[in-house]
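Numbering (the numbering used here), first residue to last: 12 to 249.
See below for the structure under consideration.
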């Protein structure tokens, strides 16, 4: 009798799981994407594999919305199924690293929306070329409150802009990032700092000199103006 009961359970499991390697409950947001996005039909053959990715993300504490955003981005570009799947695996890797950094740096990263914003931002910064060790140091300076976390996200965006303009060594990036995070410069001024590196590049001023000008004038009030004045003075000497 016991054998028959066991056999019946095995049959039911196979019936519902089919040949899929793992029998899982599909994530609701993934279900909605397939149901509501007309472009999703092209990727029906990925459904089981994407379900595994979403379940893994859920176990890691990653908001599924971030994966849906990547799905929508790929489908909007009409990515081939294999290419989209590779992109989703890479995205899961970056998001997992981002979630780990948040956990290491900020035991209490704020509400769910703030946590989502941090994970999204860090994954973008990692893709852009910033390193985990650098981001961890900056992130540890941003856990006090919502304003500090917003400052971190503005810093990351500014650092990506600077990296697209000029190469900075790891030590230079850390020195600049930590100085900006701890300075009295408003976060709206971070974009201006990035533009100073562009101006220095155009006028062939050494990156180290631009960095020195910035870090020497990270004070509230006229700090940004002093940076611009000093850079203009160096430019006129050329």
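Just so you know, even glycine gets a beta-carbon here, dropped at the ideal spot from N, CA and C.
Inter-residue Cα distance where the pair is residue 53 and residue 92: As a first step, residue 53 must be located in the chain shown, where it is residue number 42. As a first step, residue 92 must be located in the chain shown, where it is residue number 81. Looking at the backbone, the Cα of residue 53 and that of residue 92 are separated by about 7 Å.
query: From which residue to which residue does the alpha helix (DSSP H) around residue 179 run?
result: Within the chain shown, the letter at position 168 stands for residue 179. Note, residue 179: premise wrong, no alpha helix (DSSP H); not H, not E.
message: Rounded to whole angstroms, what is the Cα-Cα separation between residue 163 and residue 120?
response: Locating residue 163 in the chain shown gives position 152, counting from the first residue. Locating residue 120 in the chain shown gives position 109, counting from the first residue. If I take the Cα positions, the gap works out to 12 Å.
query: Between which two residues does the alpha helix (DSSP H) containing residue 213 stretch?
result: Translated into positions along the chain shown, residue 213 becomes position 202. Segment 201 to 213, the alpha helix (DSSP H) holding residue 213.
message: Tell me which residues share the same chain as residue 61 and place their Cβ nearer than 7 Å to its Cβ, disregarding the 5 neighbours each side in the sequence.
response: Taking the chain shown and counting its residues from 1, the one referred to as residue 61 is at position 50. Contacts found: 41 and 99.
query: Quick one: Cα of residue 140 to Cα of residue 130, how far?
result: Walking along the chain shown from the start, residue 140 turns up at place 129. Walking along the chain shown from the start, residue 130 turns up at place 119. When rounded, the distance between both Cα atoms is 16 Å.
query: Which residue's Cα is closest to the Cα of residue 36: 51, 50, 70 and 48?
result: Working through the chain shown from its first residue, we reach residue 36 at position 25. Ranking 51, 50, 70 and 48 by Cα distance to residue 36 puts 70 first.
- request: Tell me whether residue 155 sits in a helix, a strand or coil according to DSSP, three-state version.
  value: What you label residue 155 is simply residue 144 of the chain shown in a count that begins at 1. Looking at residue 155 - three-state DSSP - the assignment turns out to be coil, as it is neither helix nor strand.
task: Name the residue from 209, 203, 231 and 195 whose alpha carbon lies nearest to the alpha carbon of residue 174.
output: Along the chain shown, read from residue 1 onward, the residue named residue 174 stands at position 163. Put simply, of 209, 203, 231 and 195 the residue whose alpha carbon is nearest the alpha carbon of residue 174 is 209.
Cβ neighbours of residue 237 in the same chain (closer than 7 Å, five flanking residues each side left out): Translated into positions along the chain shown, residue 237 becomes position 226. A distance below 7 Å between beta-carbons, with the five flanking residues on each side excluded, links residue 237 to the following residues of its chain, in chain order: 228.
message: Between the alpha carbons of residue 161 and residue 217, how many angstroms are there, rounded?
response: What you label residue 161 is simply residue 150 of the chain shown in a count that begins at 1. What you label residue 217 is simply residue 206 of the chain shown in a count that begins at 1. Taking the straight line from one Cα to the other gives about 30 Å.
query: Which two residues bound the contiguous alpha helix (DSSP H) that contains residue 45?
result: As a position in the chain shown, residue 45 is number 34, starting the count at 1. That run of the alpha helix (DSSP H) goes 39 to 47.
Neighbourhood of residue 128 by C-beta distance below 7 Å, restricted to the same chain and skipping five residues each side: Indexing the chain shown from 1 puts residue 128 at position 117. Taken in chain order, the residues that qualify are 164.
task: Find the nearest neighbour of residue 133 within the set 155, 240 and 169, judged by alpha-carbon distance.
output: Here residue 133 refers to the residue found at position 122 when the chain shown is read from its first residue. The shortest Cα separation from residue 133 among 155, 240 and 169 belongs to 169.
Residue 113, DSSP secondary structure in three states: Working through the chain shown from its first residue, we reach residue 113 at position 102. Taken through DSSP and simplified to helix, strand or coil, residue 113 comes out as helix.
query: Should residue 239 and residue 207 be called a contact, given that it needs their Cβ atoms to be closer than 8 Å?
result: Within the chain shown, the letter at position 228 stands for residue 239. Within the chain shown, the letter at position 196 stands for residue 207. Yes, Cβ-Cβ distance for residue 239 and residue 207 is below 8 Å.
- prompt: How should residue 233 be labelled, buried or exposed, when 16 other C-beta atoms within 10 angstroms of its C-beta is the threshold for buried?
  reply: On the chain shown, position 222 is the one that residue 233 refers to. Under this definition residue 233 is an exposed residue.
query: Hey, does residue 100 have any beta-carbon neighbour from chain D nearer than 8 Å?
result: Absent from the structure: chain D. Only one protein chain is present.
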